[in-house]
Amino acid sequence: MKLTITVLIMFYSIIAFGQDKQQIEIFETDSTWIKEIIEFPIGFAQNINYEGFEDLRFPEGWSKEESHTFWSYVWAWKIKDIGEVTENELETNIQYYFDGLLGLDLYKIDDKHVRKTNTVFIKKDNSHYIGKVKTFDTRYTKKPLTLNVLVETHYCSQEKKRIIYFKFSPKPFEDDVWNTLDEVTLRIDVCENQINSQKQQ
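Mind the numbering: the sequence shown is residues -18 to -1, 1 to 183 in mature numbering (1 follows the signal peptide of the UniProt record, and there is no 0), read in order.
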């Protein structure tokens, strides 16, 4: 009897966990996209001092060098409101992120450390940024990697939370891969049915 109760508790806990993860998802995508949810603090980027979670979406072929979508993907952070997002903050946190993700503190070539990630972001308006990430791909090509980046921010006024939405690709902005990334859309209820961009504040 005790075993049966324990099994039932575990079963319903798993269901509840799955429902909770679905409720905190930021994006809507079809079933071909790989998704991952990570809570802050992020294990490989502890210096990013946010409270909240990250929702990542990967298209088919994103990890294959021969694929048109290689290293092209999107993620968003839904975090406790930090006020205005600055260029400097984006640059610093994305440096932390990719240095940690790719293990650049430890990676060496011929006993020499590779250069750490370098980033630049330019503010286009109150809620949009354009940027570039120069790093080193320790996972697939073992070569330098440059990613173009588009960023948009939204403010959830009822929850007092901020969404920072990133799109990454090594392809130039006029490439069709950006249309593929545009297939990832924010859930209509991501801010309790109310999304207000920074522009509206």
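All C-beta atoms in this analysis are idealised placements derived from N, C-alpha and C, irrespective of residue type, glycine included.
Checklist entry - Terminal residues of the continuous alpha helix (DSSP H) containing residue 161? => result The residue labelled residue 161 in the question sits at position 179 within the sequence shown. From DSSP, the alpha helix (DSSP H) with residue 161 extends over 159 to 163.
Checklist entry - In three-state terms, what does DSSP make of residue 75? => result On the sequence shown, residue 75 is found 93 positions in, with the first residue counted as 1. Reduced to three states, the DSSP call for residue 75 is helix.
Next on the checklist: Can you look up residue 52 in the DSSP assignment and give me helix, strand or coil?
Outcome noted: Taking the sequence shown and counting its residues from 1, one reaches residue 52 at position 70. DSSP places residue 52 in coil when its eight states are reduced to three.
Checklist entry - Contact check, residue 151 vs residue 129 under 8 Å by CB: the rounded distance? => result Here residue 151 is taken as the residue at index 169 of the sequence shown, counted from 1. Here residue 129 is taken as the residue at index 147 of the sequence shown, counted from 1. Contact holds; Cβ gap of about 7 Å.
Next on the checklist: If I follow the unbroken beta strand (DSSP E) through residue 131, where does it start and stop?
Outcome noted: One-based indexing of the sequence shown puts residue 131 at position 149. 125 to 138 is the extent of the beta strand (DSSP E) around residue 131.
Checklist entry - Closest to residue 140 by CA distance: which of 62, 23, 149, 158 is it? => result As a first step, residue 140 is located in the sequence shown; it is residue number 158 there, counting from the start. Nearest of 62, 23, 149, 158 to residue 140, Cα basis: 62.
Checklist entry - Looking at the unbroken beta strand (DSSP E) that takes in residue 153, where does it start and where does it end? => result For the purposes of this step, residue 153 is identified with residue 171 of the sequence shown, where counting begins at 1. Careful: residue 153 lies outside any beta strand (DSSP E) and carries neither H nor E.
Next on the checklist: On the DSSP bridge list, what partners appear for residue 96?
Outcome noted: Start at 1 with the first residue of the sequence shown, and residue 96 comes out as number 114. DSSP output for residue 96 lists no bridge partner at all.
Next on the checklist: What would DSSP say about residue 21, mapped onto helix, strand or coil?
Outcome noted: The residue given as residue 21 occupies position 39 in the sequence shown. Residue state, collapsed to three classes: strand.
Checklist entry - residue 133: which of 164, 127, 93 sits nearest, CA to CA? => result In the sequence shown, counting from the first residue as 1, residue 133 sits at position 151. Nearest of 164, 127, 93 to residue 133, Cα basis: 164.
Next on the checklist: Tell me which residue opens and which closes the beta strand (DSSP E) that residue 38 is part of.
Outcome noted: The residue labelled residue 38 in the question sits at position 56 within the sequence shown. That run of the beta strand (DSSP E) goes 34 to 40.
Next on the checklist: Let's test the definition: count the other Cβ atoms within 10 Å of the Cβ of residue 65 and tell me whether it reaches 16, buried, or not, exposed.
Outcome noted: The residue given as residue 65 occupies position 83 in the sequence shown. It is exposed - the Cβ of residue 65 has fewer than 16 other Cβ atoms within 10 Å.
Checklist entry - Hey, is the stretch 109 to 129 in contact with the stretch 80 to 90, meaning 3+ C-beta pairs nearer than 8 Å? => result yes
Checklist entry - Where does residue 169 sit, in a helix, a strand or coil, going by DSSP? => result In the sequence shown, residue 169 corresponds to position 187, counting from 1. Coil, per DSSP.
Item to check | residue 122 - partner residues in DSSP beta bridges | outcome: One-based indexing of the sequence shown puts residue 122 at position 140. DSSP lists no partner for residue 122.
Item to check | CA-to-CA distance, residue 157 to residue 25, given in whole angstroms | outcome: To locate residue 25, count along the sequence shown from 1; it is residue 43. To locate residue 157, count along the sequence shown from 1; it is residue 175. Distance between the alpha carbons of residue 25 and residue 157 is about 33 Å.
Checklist entry - If residue 7 and residue 169 are in contact, beta carbons under 8 Å, what's the gap, nearest whole angstrom? => result Mapped onto the sequence shown, residue 7 falls at position 25. Mapped onto the sequence shown, residue 169 falls at position 187. About 7 Å; that satisfies the 8 Å criterion.
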